[in-house]
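>
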Amino acid sequence: MHELAITQSILTISLRAAEEQHARRIRAIRLKLGAFSGVVPECVQLYLDVLAKGTIAEGAKIEAERLPLRVRCNDCGQVSEIDRRHIACPACGSVNLHRLSGREFLVDSLEVDT
Amino acid sequence: MEIKVLHQVMEWNDDVSAQVRDALRAHRVCLINVMGSPGAGKTSLITALIGRLREQFAIGVIEGDIAGQIDAEKIAALGIPAVQLNTDGACHIEAMSIQHILPQFDLDRLDVLFVENIGNLVCPAEFDIGENFRLTVLSIPEGDDKVAKYPLMFTDTDCLALTKCDTLPYFDFDTERVAADYRGVNPQGPLFRLSVRTGEGLDALAEHLAGRIRAALA
Numbered sequence: 036m037h038e039l040a041i042t043q044s045i046l047t048i049s050l051r052a053a054e055e056q057h058a059r060r061i062r063a064i065r066l067k068l069g070a071f072s073g074v075v076p077e078c079v080q081l082y083l084d085v086l087a088k089g090t091i092a093e094g095a096k097i098e099a100e101r102l103p104l105r106v107r108c109n110d111c112g113q114v115s116e117i118d119r120r121h122i123a124c125p126a127c128g129s130v131n132l133h134r135l136s137g138r139e140f141l142v143d144s145l146e147v148d149t
Numbered sequence: 011m012e013i014k015v016l017h018q019v020m021e022w023n024d025d026v027s028a029q030v031r032d033a034l035r036a037h038r039v040c041l042i043n044v045m046g047s048p049g050a051g052k053t054s055l056i057t058a059l060i061g062r063l064r065e066q067f068a069i070g071v072i073e074g075d076i077a078g079q080i081d082a083e084k085i086a087a088l089g090i091p092a093v094q095l096n097t098d099g100a101c102h103i104e105a106m107s108i109q110h111i112l113p114q115f116d117l118d119r120l121d122v123l124f125v126e127n128i129g130n131l132v133c134p135a136e137f138d139i140g141e142n143f144r145l146t147v148l149s150i151p152e153g154d155d156k157v158a159k160y161p162l163m164f165t166d167t168d169c170l171a172l173t174k175c176d177t178l179p180y181f182d183f184d185t186e187r188v189a190a191d192y193r194g195v196n197p198q199g200p201l202f203r204l205s206v207r208t209g210e211g212l213d214a215l216a217e218h219l220a221g222r223i224r225a226a227l228a
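Note that the protein sequences, when read in sequence, are chains A and B.
Converting from the first sequence to our numbering requires adding 35 to each position, the first position being numbered 1.
Converting from the second sequence to our numbering requires adding 10 to each position, the first position being numbered 1.
1) Specify whether the stretch 48 to 65 of chain B and the stretch 158 to 169 of chain B touch according to this definition: at least 3 beta carbon pairs, one from each stretch, less than 8 Å apart.
2) Examine chain B for any beta-carbon lying closer than 7 Å to the beta-carbon of Glu-98/A, and answer yes or no.
3) Take Ser-72/A and list the residues in its own chain whose beta-carbon comes closer than 7 Å to its own, dropping the five residues that flank it on each side.
4) Any chance the stretch 71 to 89 of chain A sits against the stretch 31 to 50 of chain B, with 3 or more Cβ pairs inside 8 Å?
5) Residues in the stretch 191 to 204 of chain B with C-beta within 9 Å of chain A's C-beta atoms, listed in sequence order?
6) Can you give me, in chain order, the residues of the stretch 11 to 23 of chain B that have a beta carbon less than 7 Å from any beta carbon in chain A?
7) May I ask you to list, following chain order, the residues of the stretch 210 to 223 of chain B that have a beta carbon less than 9 Å from some beta carbon of chain A?
8) Alpha carbon to alpha carbon, how far is Arg-31/B from Ile-108/B? Give it in angstroms, no decimals.
9) I need the straight-line Cα distance from Ala-99/A to Arg-65/A, nearest angstrom please.
10) Starting from Cys-40/B, trace the beta strand (DSSP E) in both directions and tell me its first and last residue.
11) With a threshold of 6 Å on Cβ separation, who are the neighbours of Arg-203/B within its own chain once the five nearest residues in sequence on each side are excluded?
12) For Thr-165/B, return the contacting residues in chain A, with the cut-off set at a CB-CB distance below 8 Å.
13) Taking all protein chains shown into account, do 16 or more other C-beta atoms lie within 10 angstroms of the C-beta of Arg-101/A, making it buried, or fewer, making it exposed?
14) Closer than 9 Å, Cβ to any Cβ of chain A: which residues of the stretch 124 to 141 of chain B, in chain order?
15) If we cut at 7 Å on Cβ distances, does Ser-44/A have a partner in chain B?
16) Would Gly-70/B and Leu-123/B qualify as a contact pair, given that the criterion is a beta-carbon distance under 7 Å?
17) Excluding five sequence neighbours on each side, which residues of the same chain lie with their C-beta closer than 7 Å to the C-beta of Leu-9/B?
18) Hey, Ile-72/B and Cys-101/B: beta-carbon distance below 7 Å or not?
19) Against chain A, with Cβ distances strictly below 7 Å, would Leu-162/B count as a contact?
20) Using only CA atoms, which one of Asn-130/B, Leu-201/B, Ala-92/B, Gly-199/B lies nearest to Pro-113/B?
21) Residues of chain B with CB closer than 8 Å to the CB of Val-130/A, please, in chain order.
22) Can you confirm whether Val-79/A, when its beta carbon is compared against all beta carbons of chain B, has any partner nearer than 7 Å?
23) Give the range of the alpha helix (DSSP H) segment to which Asn-23/B is assigned.
In structure tokens, the structure reads:
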């Protein structure tokens, strides 16, 4: 439901970045989404189609890349990709972990015409 | 042509939540974000916790609801400063709403501010509101599959309260399943089984929270 506010933020960020580069049109907006993000890219696309009308982002496509949950074990040092339902080091079972990726939610890049 | 952007989408909320956290730290107020489904018993639990914590701490409450004043009136009836925050349809509270409402409290006379979030197991978990810690509430009638179905709410929390445990004889609710799923997504998070109605387990949760509040205010 909160994809509307999020899409507004994505659009604002994208328009600002495109203007700084004097782009004439935004063709695609590439997002990076961590495994924990509950954002639905299809929903963002629907809102963008409406919000971007009359801007240089009109018709832009949302391309989302999912990033896995990666952790480094603070006990044995192993770096692993793990399932978010089983937060433990696969090598030694420790739950003393440092999260390397999985919580991202960012506008990574734009495909533009200049 | 590709332009690199690398800009956090949630920045608008992250910036404001940091401001809220700074403002509360300056006034030595601990913010507790209480989350759970509609009907899980968030208001009843907050009320019960107020009863057990009010002698140690000066408490205020922000009651988040989509509409209406019902919950704020319940809390205000206890003689506790309470402000209703209506989101007018939004499914969660954002840091900006907390920032706007803080001036309605005399923060120098508060130690603890409970925020009862919008009843919802999905969206509130994604928004940092400047809290010191999070308390997730799950009630027995909701079913024992909720941790598996809504993992973020149980991953990004500091504490899980399993409420309405007095109703366990009437539901096919496997508390061990919930405990195991919760350990999977949040291996360090404590779990408290309680009933506001019978009082079972409330002292243990209140004691745990009091320790966390003291640590936050130290």
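The C-beta atom is built at its ideal place from N, Cα and C for all residues, glycine as well.
Computed from a prediction, not measured in an experiment: that's the story for all the values here.
Well, looking at it:
1) no
2) no
3) Phe-140
4) no
5) Asp-191, Arg-193, Gly-194, Val-195, Asn-196, Pro-197, Gln-198
6) Met-11, Glu-12, Ile-13, Lys-14, Val-15, Leu-16, His-17, Gln-18, Val-19, Met-20, Trp-22
7) none
8) 10 Å
9) 6 Å
10) 40 to 46
11) Leu-172, Cys-175, Gly-211
12) Phe-71, Arg-119, Ile-122
13) exposed
14) Asn-130, Val-132, Cys-133, Ala-135, Glu-136, Phe-137
15) yes
16) yes
17) No information on residue 9/B is available, as it lies outside the stretch 11 to 228 that chain B covers here.
18) no
19) yes
20) Ala-92/B
21) Pro-197, Gln-198
22) no
23) 21 to 36
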